[in-house]
Amino acid sequence: MRDLFRFLFRIRITLLFLLLMGISLGLLMNGNEHQKAQAISSSNAVVGQIYTWRSGLVEYAGLREENLRLAKEIADLRDRDARSRITVADSVRVVQDTVLHQQYRFITARVINSTVSKARNYLTLDKGSLAGLHADMGIVGANGIVGVIREVSPHFALAISVLSNDLPTSVQLRNTKHFGLLRWDTMDPATASMSDVAKHVPVEIGDTVVTRGSDKIFPIGIMVGVVSKVENDPGSNYHTITVKLSEDLTQSGYVHVVENLLKLEQDTLQAKAPPEE
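Under the numbering used here, read the sequence shown as residues 4 to 280, first letter to last.
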């Protein structure tokens, strides 16, 4: 308390000045309606700006929760999308009536670490085996494919990114359904190449590239990107196609992990195929 009095005594001149200024302003506003109106308008503007800043801070603090909510809603919509289901014939009547059986489900996770400048790029998710994640599950973002899970721990998952030269992904041209492999050999995080598309196939800049679904990792028709360049080497029977990826892999955010609910059944059946001679 003694220190407080000493401090107030040292700034007594400043306090007196502020007091007299306040009294002067009060007398000025009370004696002049125009000045009073101006003062009220100015104070309202200041208070309004303070409320705007506060609202912005509150909205920013709630962005994470809002993003998570939106990501979960998108996952739910993808669960119900027809591309996540297969058509099953009615087991009683041989008619055109069909039902949809869910083949894929989507689990929301968040990218907490990633690389984009290496030959083999990885990303880490904030969910693991306790959330149902396991190896060979695909990862998709809001705009396209992201990667495939390779290792999991109880609370985290390590995935290889699409930006890796050893993760060829089965894709196809949406319009013509001609398929090939997506490979990251451009060393550009915004692009990849599509190979094994024969020259007789018409390919135009702007054509959409989507997943084919044959790898049992991604559903059919998930966005991959658009054709940005087509070159034809006279010594090759295939197009040289550059694809601009639709998903920005240089950003972190919420993603959806894809679980193929029928993968085991399909793998078991395909294992019974006769071996090649």
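Even glycine gets a Cβ: it sits at the ideal position worked out from N, Cα and C.
Here I244 is not near V229, since their CB atoms are 8 angstroms or more apart.
Inclusion of D139 and R113 in the CB contact set at 8 angstroms is not warranted, their separation being larger than that value. According to DSSP, residue pairing for T214 in a beta bridge involves V174. Spanning the alpha carbons of L248 and G144 requires a straight line of approximately 12 angstroms.
Among the bridge pairs identified by DSSP, I163 is matched with Y125, V151.
By DSSP's assignment, K232 forms a beta bridge with T245. S173 places its beta carbon 8 angstroms or farther from that of R123.
Taking 8 angstroms as the upper bound for CB-CB distance, G147 and A162 are not in contact here, some 15 angstroms apart.
According to DSSP, residue pairing for N116 in a beta bridge involves T127. About 5 angstroms separates the beta carbons of K219 and K266, which is inside the 8 angstroms limit, making them a contact pair. Where T189 is concerned, there is no enclosing alpha helix (DSSP H), because DSSP gives it neither an H nor an E. Distances from the CA of D236 to each of G183, A160, S198 were compared; the closest alpha carbon is that of S198. Bridge pairing for E262: R108 [DSSP]. A134 and L264 have their alpha carbons spaced roughly 15 angstroms apart. Judged by their CB atoms, L185 and V227 are nearer to each other than the 8 angstroms cut-off.
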